[in-house]
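Okay, structure first, notes after.
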Amino acid sequence: MPSATKPRTPSPKTFKKAPKTHKPLPNSQSTKRPPNPKTPSKPTGIGKSRSTSPSPPRHTYSLRHPSKYFWYTSVANTLELATTKPSASTPTPTYTYTYQPNLLQINDYTISPLSFTHTPYPSTFPPSLPWPPTRPSHIARAIGRHHASCVGESCYTRKRCRDMQCGHAFSAWRDSTALWEDYFELRETRDRGVGAFTKRAFRRGAVLGWYAGTIVACDGGEGEGAGKGGEGEGEGEGGLNDYVMELGVGDLGGYYVEDSHSPSCSSSSSSSSDADDQQDDGEHPMVLIDGLHTGNWTRFINHSCDAHADFEVMRVGTTRIMAVVLRRDVGEGVELTVSYGEPYWWFRRDGARCCCGSGRCVSLKMAGRGRGEGGGQGKGKGRKEVVEESGEGRVSVSRKVGR
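If you're matching positions, the sequence shown starts at 55 in the numbering used here and goes up one per residue.
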């Protein structure tokens, strides 16, 4: 019997690719694709003609964190960057803000410890507190029962807390005020710089915010605001800048007055809407909250002799603040105003006058006493910068010469 043979499996054939050969194209042919009629071709050899008229200097810098700055809407409906002005007393001012922004949005207290080096221990402090202060909590302590109303756990309400031992934390309440752009916006006014406008209606007695900035001693020292002859925004009372706010320290009822020497700076206490606060009619030590270069949106609230709101001394737990409290109802789209007080205008060195237009305007009183007609500017807000978005996440800013 013949033996069976296994059929062979055909081996797969291997194919070698032929090398590619590129035939040279004749000179009449082109390697470029035909132009797409939908895509316009870029012109070459065409340059933009330069204007013979001089243009303002332009400076470009990167704003990596836009939320750190203040932005407002101009009268021309353009977005602009808020900055501070150079000193008006400088013959040839240097516009340092054209190189980098010099106004930061910091919704907190900071402190200048060097300004307190030669300041005596406050007479309104209990013994053995840290001095000189190195933290804002060392000086902005809510002590005593005067101006002791607590704003509670959140802002933009009419609620008050009367518990002197309440556990409300300043950090939590401060964080709630960081949402201020949901309630207010910054706009340029025709004659008073940048102002704060409401985006919704509020009832009388509502707390709208607080005044933030750098805490410095009343005699100035190394602080930003005091003793600099009106750097930035004009010279106010005593040569200070326009963004300095006084704040009483310690027990405003004067309980500890006999325990220590009085510091070099004292002032009459301000009034409050609370009945128990109106008993404070003495003098007490003060510090300054300087909002010239760092602060929050309340630094933009303009003055009016018939104001919507007041700055009142209040507290958040154990921290004293200067709160913005409405004295009457306001609607949506209204420019919010406060009263800076008549001394703000009477003792100015730059001759600025109130132009709020109220029938009881302080400028009318000054004119009646031979101080000239009103018509100067209110609280100025710095040179205006036009902001244009450009490529690569940068911002091109050009300075406007006038207001």
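We put the beta carbon where it would ideally sit given N, CA and C, even for glycine.
{"query": "Leaving aside the five residues before and after histidine 222 along the sequence, list all residues of the same chain whose C-beta is less than 7 Å from its C-beta, in chain order.", "result": "Cys204, Gly206, Glu207, Cys215, Val370 and Gly371"}
{"query": "Does the distance from the CB of arginine 258 to the CB of leucine 380 come in under 7 Å?", "result": "yes"}
{"query": "Can you grab the Cα-Cα spacing for the pair isoleucine 343 / isoleucine 165, in whole Å?", "result": "9 Å"}
{"query": "So what does isoleucine 197 bridge to, in DSSP terms?", "result": "Asp305"}
{"query": "Does phenylalanine 179 come out as helix, strand or coil in the three-state DSSP assignment?", "result": "coil"}
{"query": "Counting C-beta neighbours from all protein chains within 10 Å, is the total for glutamate 396 16 or more, i.e. buried, or is it exposed?", "result": "exposed"}
{"query": "Throw me the rounded Cβ distance for the valine 270 and serine 169 pair, which I believe falls under 8 Å.", "result": "4 Å"}
{"query": "Which value, in whole angstroms, describes the spacing of the CA atoms of leucine 183 and isoleucine 197?", "result": "12 Å"}
{"query": "Nearest to aspartate 364 by alpha carbon, out of Pro339, Tyr394, His338 and Thr348?", "result": "Tyr394"}
{"query": "Could you check where the alpha helix (DSSP H) with arginine 214 kicks off and where it finishes?", "result": "Per DSSP, arginine 214 belongs to no alpha helix (DSSP H) and is neither H nor E."}
{"query": "Could you tell me the distance, in whole angstroms, from the CA atom of arginine 195 to the CA atom of alanine 202?", "result": "11 Å"}
{"query": "Could you give the DSSP three-state label for arginine 369: helix, strand or coil?", "result": "strand"}
{"query": "Considering only residues of the same chain and omitting the five flanking positions on each side of aspartate 408, which have a CB-CB separation below 7 Å?", "result": "Looking at the sequence provided, one finds cysteine at residue 408 rather than aspartate. Closer than 7 Å at Cβ, skipping near neighbours: His357, Cys359, Trp399, Cys415, Val416, Ser417, Gly428 and Gly432."}
{"query": "With distances taken from CA atoms, which of Gly349, Val298, Gly307 and Trp351 is nearest valine 341?", "result": "Val298"}
{"query": "Could you compute how far the alpha carbon of glutamate 137 sits from the alpha carbon of serine 121?", "result": "In the sequence under discussion, the amino acid at residue 137 is threonine, which differs from the glutamate named in the question. Taking the straight line joining both Cα atoms gives about 14 Å."}
{"query": "Taking DSSP's pairing of strands, which residues face valine 248 in a bridge?", "result": "Glu242"}
{"query": "Is it buried or exposed for asparagine 295, if we count other Cβ within 10 angstroms and need 16 for buried?", "result": "buried"}
{"query": "Of the choices Ala250, Asn161, Pro181 and Ala260, whose alpha-carbon is the least far from that of alanine 226?", "result": "Asn161"}
{"query": "Which residue comes first and which comes last in the alpha helix (DSSP H) that contains tyrosine 398?", "result": "396-400"}
{"query": "Could you name the residues that DSSP lists as bridge partners for tyrosine 163?", "result": "Gly267"}
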